[in-house]
Amino acid sequence: MFVFPSIAGYIGGDTLAALLTRGPEFYRGTQLLIDVGTNGEVVLAHHGELVATSCATGPVYEGAHIRCGMRAVGGAIERVWVDAKGKIRCAAIKDGEGRSDPRPVGLCGSGVISSVAALVGAGLVGEDGGLAPPGSHPALRGAAHGRAEEVQLVAGMYSRTGRDIVLTQQDVRAVQLGKSALRAGIEILLAESGVKRLDRIYLAGTFGNHLEPDDILDIGLVPPVPVETIRSIGNAAGDGARMALFNRHHRRRALALARRIDVLELSGRTDFQDLFVMHTELAPVAADALV
123 MFVFPSIAGY IGGDTLAALL TRGPEFYRGT QLLIDVGTNG EVVLAHHGEL
173 VATSCATGPV YEGAHIRCGM RAVGGAIERV WVDAKGKIRC AAIKDGEGRS
223 DPRPVGLCGS GVISSVAALV GAGLVGEDGG LAPPGSHPAL RGAAHGRAEE
273 VQLVAGMYSR TGRDIVLTQQ DVRAVQLGKS ALRAGIEILL AESGVKRLDR
323 IYLAGTFGNH LEPDDILDIG LVPPVPVETI RSIGNAAGDG ARMALFNRHH
373 RRRALALARR IDVLELSGRT DFQDLFVMHT ELAPVAADAL V
């Protein structure tokens, strides 16, 4: 039985398996692979060299610790937008065969990010993460220090549970913490490698598969790049594991990759703390590393 080797620290077999799915083009130019979950793993391929780092992003990208959060399954809201009339609209992941209930159940990770991006764009959430005053929009409810405590995305009569689906002030703060941790890690990785331009960003995992690239650019989750350079590659870890299971060549590749990757540790770095604070803003903050 083949067991994927751990690369180092929190960068393990799932990251290695995701790398297996990348062909020779990944090692030419400058590419970034991001696998986002409770822990965010980032691998930079720069002219054939591989450097990886790990960021404690928290469970927000998996829909956990969110008031109406859930896994990315049927009924999970994956996209939110505000139309020209100011009405909040949502789109949910479709159920499997045999079920056709269009009503949403809750928010998965991509839906949380999409809702924050949409609400910031509509002025219902500030770039500092604070919700606007309740009177500025019918969906804003409650008050704390003059600001709302939650945004109603879907009224209970239109949800499967019969309860309102909301995004709370605490949910937005969780997004800010996860976003700033990941972005700070990316910035240090790029700066340490002397990278000035990214050719492509690959988003791995269920979160990346349901994500709109525009949303993560709008809130500054990744460095400012042309939207067409961001590509979702689905469950790359699972795909890579199957490749290794059925092909000895890929198993040998995995062992070679594990020895080849350098790991950048972020713990104890003062520049990480500075970047973390800077990137709590929900805006496409320009990166010094990229021009």
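All the letters of the sequence shown, read from the start, carry residue numbers 123 to 413 under our numbering. Ideal placement from N, C-alpha and C gives every residue a C-beta, glycine not left out.
Residue i to residue j span [Cα, whole Å]
| i | j | result |
| --- | --- | --- |
| A265 | V297 | 20 angstroms |
| V204 | R381 | 48 angstroms |
| K301 | V202 | 18 angstroms |
| D315 | I188 | The question names Asp, but residue 315 is Ser in the sequence shown. Looking at the two C-alpha atoms, the distance is approximately 35 angstroms. |
| L404 | G342 | 6 angstroms |
| A270 | L312 | 38 angstroms |
| L262 | V195 | 27 angstroms |
| A417 | L138 | Here the chain comprises residues numbered 123 to 413, so residue 417 is not present and cannot be evaluated. |
| G243 | V234 | 14 angstroms |
| D340 | V238 | 10 angstroms |
| G231 | P346 | 21 angstroms |
| L320 | G362 | 24 angstroms |
| A240 | N161 | 25 angstroms |
| H332 | G356 | 8 angstroms |
Sequence-distant residues of the same chain with beta carbon closer than 6 angstroms to residue i, five excluded per side
| i | result |
| --- | --- |
| G330 | S354 |
| F148 | A167 |
Contacts around residue i, its chain only, beta-carbon distance under 8 angstroms, and the 5 residues preceding and following it disregarded
| i | result |
| --- | --- |
| D223 | G197, D217 and R282 |
Residues of its chain near residue i, where Cβ-Cβ distance is below 7 angstroms and the 5 sequence neighbours each way are ignored
| i | result |
| --- | --- |
| R322 | Q153, T351 and R353 |
| L142 | G362, M365, A366, H372, R375 and A376 |
| T65 | This structure cannot speak to residue 65, because the chain is shown only from 123 to 413. |
Cβ-based burial, residue i [other Cβ within 10 Å; buried from 16]
| i | result |
| --- | --- |
| G414 | It is not possible to answer for residue 414, since the shown part of the chain is limited to 123 through 413. |
| F421 | What is shown of the chain runs 123 to 413, which leaves residue 421 out entirely. |
| T392 | exposed |
| V182 | buried |
| D136 | buried |
| F394 | buried |
8 angstroms Cβ cutoff, residue i in contact with chain C
| i | result |
| --- | --- |
| Q153 | Absent from the structure is chain C; it holds one protein chain and no more. |
Taking 8 angstroms as the threshold, find out whether the stretch 175–190 comes into contact with the stretch 298–317 through three or more Cβ pairs.
-> yes
Could you pull out every unbroken alpha helix (DSSP H) segment of at least 4 residues lying fully inside the stretch 243–331, listed in chain order?
-> 291–314 and 327–331
Quick one: which unbroken beta strand (DSSP E) runs of 3-plus residues sit fully inside the stretch 177–252? Chain order, please.
-> 198–204 and 210–214
Inside the stretch 133–160 only - beta strand (DSSP E) runs reaching at least 3 residues = 152–157
Residue ranges of each beta strand (DSSP E) run of no fewer than 3 residues wholly in the stretch 336–374, ordered along the chain?
-> 352–354
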